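Trainee: If you count by the numbering used here, then the sequence shown holds residues 1 to 1147, one letter each, in order. Quick one: the structure is below, questions incoming.
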Amino acid sequence: MADCIRVLHLLLCLSVSSLLRPCRADANAWPVAANLQNPPGAVNAAAADRNPVVGGAASAHRKRSAGWKLSEEAVCRDDLTRLCAKDTWNNNLAVLECLQDKKEDSDIAAECSHLLWNYKLNLTTDPKFESMAVEVCRSTISEIKECAAEELGKGYLVSCLVDHRANISDYQCKQYVTKMTSIVFSDFRLICGFMDKCRDDINELRCGSISTGDKDVHSQGEVIACLEKGLVREAEKRPGAHAIKDECKKNIMRVAELSSDDFHLDRYLYFACRDDRERLCESTLAGEGRVYKCLFNHKFEEAMSERCREALTTRQKLIAQDYKVSYSLAKACKSDLRKYRCSTDSGVPRAREARLSYLLLCLESAVHRGRTVSGECQGEMMDYRRMLMEDFSLSPEIVLHCRTEIESDCSGLHRKGRTLHCLMRVGRNNAVDPNCQRALQTLIQEADPGADYRIDRALNEACESVIQTACKHIRNGDPMILSCLMEHLYTDKMVEDCEHRLLELQYFIARDWKLDPVLYKKCQGDAARLCHTHGWNETSEMMPPGAIFSCLYRHAYRSVEQGRRRPVQVTEEGNTTLSRDCKVEVQRILHQRALDVKLDPELQRRCMTDLGKWCSEKTESGQELECLQDHLEDLVPDCRSVVGNLTELESEDIQIEALLMRACEPVIQAHCHEVADNQIESGDLMECLARNKHQKEMNDKCSVGVTHFQLIQVKDFRFSYKFKTACKEDVLKLCPNIKKKVDVVTCLSSTVRNDTLQDVKEQRVSVKCRKQLRVEEVEMSEDIRLEPELYDSCKPDINRLCQTVAFGNAQVIECLKENKRQLTPRCRQKIFKLQEVEMVDPDLDYQLMKVCKQMIRRFCTESEGKNVLQCLKQNKNSELMDPKCKQTITKRQITQNTDFRLNPILRKACKADIPKFCQPILNSATADNELEGQVISCLKLKYADQRLSSDCEDQIRIILQESALDYRLDPQLQLHCTQEITHLCPEEAAAQEQTGQVEECLKINLLKIKQETCKKEVLNMLKESKADIFVDPVLHTACALDIKHHCAAIPPGKGRQMSCLMDALQDKRVRLQPECKKRLQDRMEMWSYAAKVAPAEGFSDLAAQVLTSPSKNYILSLMGASVALLFLMGLLCGRFTKRVTQELKDR
């Protein structure tokens, strides 16, 4: 076909000569034509046979062939006068151009149409026309080597000139070629060979008649348009599409290519879009494809007619099949295509190298590799990439493979890329066919919107306001605009429509690392070296695009050894680590992927089932990953592995959690900015956030996020980066096969405690691990949920007793402690064990350490951690003590007095005394259950009997002194006398400061106490006070001056000072203070009453009472006299007995 077109174009020179030489008369121009062939009458004769009017015209034409003019023909005179300017009448080609460009068939008479067609056919069938081309384009032919080499006489020369018309600078030659093409392309039958090659396809597709006269000239463009649509339907593999013959395909594409510079040459599009051109592109000059581009840009505007839009779409689809159909693109990128070997001389125009997609991928690859592509070519590529994103129908693969999805989910959204984004949304929800998914992925690579967001019109329009506010500091069109938008995802600056369009696009960009241009630029060297990648537009089955990022991630963060993660170290060869720039980009991508699980291809692929099973209701940002982490133990192995790896990575670099970082910005700036600024991923930031979780800058979102991560860390010790790093070797050695963090912490803590108790020379747990272990233990004490076993045991109690108490800050644990008597047995046992650990190591008592933080700094800076509570107890009554801290200390004292095991110092001091004196109580006790102060009460009684060892006696004295001031510190008294205190001593009990008034009230009202158990406890108090005046604070206060004056030389303890005061009371020479005298007299009455109602239970008890009695000297003297009297009587009785016995013997 190309050869025939070359001949046709040569023949046009003759008629163009009238334009090229306007100074000559027509009479001088047309003899040339007359001499070249018979005047048009030879052809017109055929028409004359069918039409007498035309025959008459032919007759007239023969008579004056040398000066014949179309304007003189009667059949066209009316049309010419009505439609064409008068200054064109003397130029046949001007008349021809005027008449053939009329829009409607009815514009000119049918006889005139046939005359015009026969005239053009006559012009385009003379092989001698080539001589005019040589004459007109002589200088141009010499400049174009390809045309100079063409053999004359075969019609190839003009075809060569048409192919190189963009390089023709000579005005006359250019006008000659332009006018020639306008005549040829007005009717497909004038194109030599076209009708022969496409006859069968025209008939098969019913594109119209091929017989001259059956259709006028203006309908012939529809025939070519019909063939083009048939070609498109075949490419899209539509049902029932006709397979056009290859020869006809070549002719169709060649016609489209030759008409690419001037839209007048595409007759169907010209007539379909003429009004649109006048309305939308009035100022656009014709030629070089400018009108096409202008119409393409206005394709989806409301003012565009549907017929024109359809014609433009058909032409765009042809461009998608062969980029040469776009004159501007082929011209702008010609040198670049040759430079980067993107085009080959294929014999089939629709070959792979001719497709628009191949051109775009090839040149985009050059750009991404840092090669130079001309700005003009890049501009053209930008236009066509935007075109692909705007109209999905330009991609045959999308039309073919996504037909079902378009019909069911995305119908009616054709314009401005809406259908494509609809398909992306459906694909993002895994609701498309795999072939459709691949077609979408391929289209995104071809259009490459990641390099410039403006290519995606739907995204550009949706996000314009966000870009203007949040990303205005970034140059327009910069690839970092997309990253900026991702950084502001789920913020106040983001709008909903932009959010949806952005996530739809990012879903596909995330599945091919090359589609993020910044990542590709920074990491292409590392990817080639470590992941064996190929070119930008090349793929490998061994390393598919989605696997490249995983490879980069592995080299950025970890190496695998025994299933544990560890940071990759830089080797001497430098072959196993990423460059710093690449690692920064990998981190950026990870931060983006953390926003939505669908942006992580591997996570979505492996966890699709689990997402549907466990997380179908979690639709908010970040909730799906949290849900997967919450159900980690329930996930299938593949999903559990990828979620575990991601969680492990987050523990190292929590900044990957972009949403969490955004929520925690205030507390980071206030307390953790130095850690956050440190680019070394070490887990310090999360530790800092956990440590400052209850600061005033902490908001609910941040607190919830930090707590969630803490809860996830409990599931696997590897999720705590610092703990894993510090204790990995210790865990492998001492706690193998243990996975849960709480179990690992328990295992290591038990090892440390056992080594400490046994005073081993070298601890089995390393120093760095012990240090981090303490951090983990303190952190776990902050929230009961961080200790799963305790939480599970107490969950019913929490719901029943602490429902309104918020988690965190150890508040729930404190609530359970305060309601200890109402707990279920299982929960109560767990709380007891927790308290036992806290009393041994007060650092693990989160509430105490938090409330008393300032007091510890004030009073206990030199105390070891295990002695902090003891220090606070000693300074409890200081005027500088904080009231809240004092209240907490009192609570801990009450707890300690409920069971000797909760008082480590007492337990150690009374190690021998407890089994010696209180073994029956121990025998009846059950493990992990409190003894309600029974052992301590037992020790108190032995203290009163002065039978305890000195160390134990000292500790019991302290307890007696403390409980004498506050009845709540005596568990047995509080247990048995609660009702009596409420009834007899309400005012004393309600006092904020406990100074022993409740105990004094009970002593005074001893006779009114009805409950025997309570009365017994009060009597025990009286008994204890006889042993040491310090355990009777009211009496000690009243007699303080008298003790100083009369008993200063007597050491305290063992009732010595009490005996001194009793002696002074009985000594009439000594005058005691009235208050002291009154209190002593009251105590003597109480003791006397106690002796009556509570006689000694045995000899040992009686001896103890005597020894502790203030009148013990009198009692002992009396007892001694009685013994002496008995001895004398015995002697006497013994002699008498002996004498009687002797007398009996003598008998």
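Positions of the beta carbon are idealized from the N, C-alpha and C atoms, including for glycine. Keep in mind it's a predicted model, so treat the numbers as computed, not measured.
Any chance you could list the alpha helix (DSSP H) runs of at least 4 consecutive residues sitting entirely within the stretch 1019-1084, in chain order?
Mentor: 1033-1038, 1040-1046, 1056-1066
Trainee: Would you mind giving the Cβ-Cβ distance between LEU578 and LEU552, rounded to the nearest angstrom? I have them listed as a contact below 8 Å.
Mentor: Locating residue 578 in the sequence shown gives position 578, where the first residue counts as 1. Locating residue 552 in the sequence shown gives position 552, where the first residue counts as 1. Indeed, because the Cβ distance is near 7 Å, the residues count as touching under 8 Å.
Trainee: Report yes if the CB atom of LEU628 is closer than 8 Å to the CB atom of ASP610, and no otherwise.
Mentor: Numbered from 1 along the sequence shown, position 628 holds the residue referred to as residue 628. Numbered from 1 along the sequence shown, position 610 holds the residue referred to as residue 610. Taking 8 Å as the Cβ cut-off, LEU628 and ASP610 qualify as a contacting pair.
Trainee: Helix, strand or coil for THR81? Go by DSSP, reduced to three states.
Mentor: One-based indexing of the sequence shown puts residue 81 at position 81. If DSSP states are grouped into helix, strand and coil, THR81 belongs with the helices.
Trainee: Does the stretch 985-998 touch the stretch 961-969, meaning 3 or more C-beta pairs lie closer than 8 Å?
Mentor: yes
Trainee: Kindly list the residues whose CB is nearer than 8 Å to the CB of LYS850, restricted to its own chain and excluding five residues on each side of it in sequence; keep chain order.
Mentor: Reading the sequence shown from its first residue, position 850 is the one you call residue 850. Excluding positions up to five away in sequence, the list reads HIS694, ASN809, ALA810.
Trainee: Look at LEU1041 and GLN1073 and say whether their C-beta atoms are less than 8 Å apart.
Mentor: For the purposes of this step, residue 1041 is identified with residue 1041 of the sequence shown, where counting begins at 1. For the purposes of this step, residue 1073 is identified with residue 1073 of the sequence shown, where counting begins at 1. Cβ atoms of LEU1041 and GLN1073: closer than 8 Å.
Trainee: When the Cα atoms are used, what is the spatial distance from LEU603 to LEU440?
Mentor: Within the sequence shown, the letter at position 603 stands for residue 603. Within the sequence shown, the letter at position 440 stands for residue 440. Going by the C-alpha atoms only, they are around 20 Å apart.
Trainee: Our contact map puts SER1150 next to GLU776 with C-beta atoms below 8 Å; I'd like the distance itself, whole angstroms only.
Mentor: Residue 1150 is absent from the model: the chain starts at 1 and stops at 1147.
Trainee: If contact is defined by three or more beta carbon pairs under 8 Å, each pair taking one atom from either stretch, is the stretch 194-209 in contact with the stretch 218-233?
Mentor: yes
Trainee: So what does DSSP say about TYR490, is it helix, strand or coil?
Mentor: By one-based count along the sequence shown, residue 490 stands at place 490. In the structure shown, TYR490 sits in coil (DSSP, three-state: anything other than H, G, I, E or B).
Trainee: How is VAL255 classed by DSSP in three states: helix, strand or coil?
Mentor: Reading the sequence shown from its first residue, position 255 is the one you call residue 255. In the structure shown, VAL255 sits in a helix (DSSP, three-state: H, G or I).
Trainee: Which residues bound the alpha helix (DSSP H) around ASN799?
Mentor: Working through the sequence shown from its first residue, we reach residue 799 at position 799. 788-801 is the extent of the alpha helix (DSSP H) around ASN799.
Trainee: What do you get for ALA149, buried or exposed, if any count of 16 or more other CB atoms within 10 angstroms of its CB means buried?
Mentor: Against the sequence shown, residue 149 aligns to sequence position 149. So ALA149 counts as exposed.
Trainee: Contact between the stretch 485-492 and the stretch 432-449: three or more CB pairs below 8 Å?
Mentor: Cβ pair count under 8 Å is below three, so no.
Trainee: For the alpha helix (DSSP H) that contains TYR721, what are its first and last residues?
Mentor: Reading the sequence shown from its first residue, position 721 is the one you call residue 721. Membership of TYR721 in the alpha helix (DSSP H) is indicated by the continuous run 721-734.
Trainee: With H, G and I counted as helix, E and B as strand and the rest as coil, what does DSSP make of ARG309?
Mentor: Position 309 of the sequence shown holds residue 309. Note: ARG309 maps to helix in three-state DSSP.
Trainee: As a quick exercise: from ASP759, PRO915, VAL760, VAL765, pick the residue whose alpha carbon is nearest that of LEU732.
Mentor: For the purposes of this step, residue 732 is identified with residue 732 of the sequence shown, where counting begins at 1. Here the closest residue by C-alpha is VAL765.
Trainee: VAL466 and LEU485: beta carbons closer than 8 Å?
Mentor: Here residue 466 is taken as the residue at index 466 of the sequence shown, counted from 1. Here residue 485 is taken as the residue at index 485 of the sequence shown, counted from 1. Note that the C-beta distance between VAL466 and LEU485 is below 8 Å.
Trainee: Compute the Euclidean distance between the alpha carbons of MET1129 and SER1122, then round it to the nearest angstrom.
Mentor: Within the sequence shown, residue 1129 is the residue found at index 1129, counting from 1. Within the sequence shown, residue 1122 is the residue found at index 1122, counting from 1. Roughly 11 Å separates the two Cα atoms.
Trainee: In whole angstroms, give me the CA-to-CA distance for ASP170 and GLU288.
Mentor: As a position in the sequence shown, residue 170 is number 170, starting the count at 1. As a position in the sequence shown, residue 288 is number 288, starting the count at 1. About 16 Å.
Trainee: Leaving out five residues on either side along the sequence, give the residues of the same chain with a beta carbon under 8 Å from the beta carbon of LEU1132.
Mentor: Working through the sequence shown from its first residue, we reach residue 1132 at position 1132. Excluding sequence neighbours, LEU1132 sits near nothing in its chain.
Trainee: Can the beta-carbon of MET381 be found closer than 8 Å to that of LEU394?
Mentor: On the sequence shown, position 381 is the one that residue 381 refers to. On the sequence shown, position 394 is the one that residue 394 refers to. No, the pair does not count as a contact, with Cβ atoms beyond the cut-off.
Trainee: So, helix, strand or coil for PHE717, using DSSP?
Mentor: In the sequence shown, the residue the question calls residue 717 occupies position 717. Helix at PHE717.
Trainee: When you compare each of GLY450, ARG315, GLY933 to CYS918 by their alpha carbons, which one comes out closest?
Mentor: Sequence index remark: in the sequence shown, residue 918 carries index 918 (1-based). That would be GLY933, whose Cα lies nearest to the Cα of CYS918.
Trainee: Distance check for GLU97 and ARG501, CA to CA, integer angstroms please.
Mentor: Taking the sequence shown and counting its residues from 1, the one referred to as residue 501 is at position 501. Taking the sequence shown and counting its residues from 1, the one referred to as residue 97 is at position 97. Each residue's alpha carbon lies about 48 Å from the other.
Trainee: Can LEU902 and MET855 be called in contact, C-beta distance under 8 Å?
Mentor: Locating residue 902 in the sequence shown gives position 902, where the first residue counts as 1. Locating residue 855 in the sequence shown gives position 855, where the first residue counts as 1. Going by C-beta atoms, LEU902 is not nearer than 8 Å to MET855.
Trainee: Report back the beta-carbon spacing between ILE656 and LEU590 to the nearest angstrom; my notes put them in contact at under 8 Å.
Mentor: Residue mapping note: residue 656 aligns to position 656 of the sequence shown, counting from 1. Residue mapping note: residue 590 aligns to position 590 of the sequence shown, counting from 1. Their Cβ separation, rounded to whole angstroms, is 5 Å, which keeps ILE656 and LEU590 in contact under 8 Å.
Trainee: Taking the straight line between their C-alpha atoms, what separation do you get for ALA1048 and MET1058?
Mentor: Translated into the one-based positions of the sequence shown, residue 1048 becomes position 1048. Translated into the one-based positions of the sequence shown, residue 1058 becomes position 1058. Rounded to whole angstroms, ALA1048 to MET1058 spans 12 Å at the Cα level.
Trainee: Alpha carbon to alpha carbon, how far is GLU499 from CYS422?
Mentor: Indexing the sequence shown from 1 puts residue 499 at position 499. Indexing the sequence shown from 1 puts residue 422 at position 422. Taking the straight line from one Cα to the other gives about 14 Å.
Trainee: Quick one: residues in its chain with C-beta nearer than 7 Å to the C-beta of LEU1065, no 5 flanking neighbours on either side, listed in chain order?
Mentor: As a first step, residue 1065 must be located in the sequence shown, where it is residue number 1065. Answer for LEU1065: LEU1072, LYS1077, LEU1080, listed in chain order.
Trainee: Hey, GLU135 and HIS164: beta-carbon distance below 8 Å or not?
Mentor: Within the sequence shown, numbered from 1, the residue matching residue 135 stands at position 135. Within the sequence shown, numbered from 1, the residue matching residue 164 stands at position 164. In this structure, HIS164 does not lie closer than 8 Å to GLU135 by Cβ.
Trainee: Short of 6 Å in beta carbon distance, which residues of its chain neighbour ALA806, apart from the five on each side in sequence? Order them along the chain.
Mentor: Along the sequence shown, read from residue 1 onward, the residue named residue 806 stands at position 806. Nothing listed; no residue qualifies.
Trainee: Is ARG386 near ILE455, with beta carbons less than 8 Å apart?
Mentor: Translated into positions along the sequence shown, residue 386 becomes position 386. Translated into positions along the sequence shown, residue 455 becomes position 455. For ARG386 and ILE455, yes; Cβs fall inside 8 Å.
Trainee: Across the stretch 1025-1035 and the stretch 928-947, are there enough close Cβ pairs to call them in contact, namely three or more that are closer than 8 Å?
Mentor: A contact between stretches requires three or more CB pairs, one per stretch, nearer than 8 Å, and the stretch 1025-1035 meets this requirement with the stretch 928-947.
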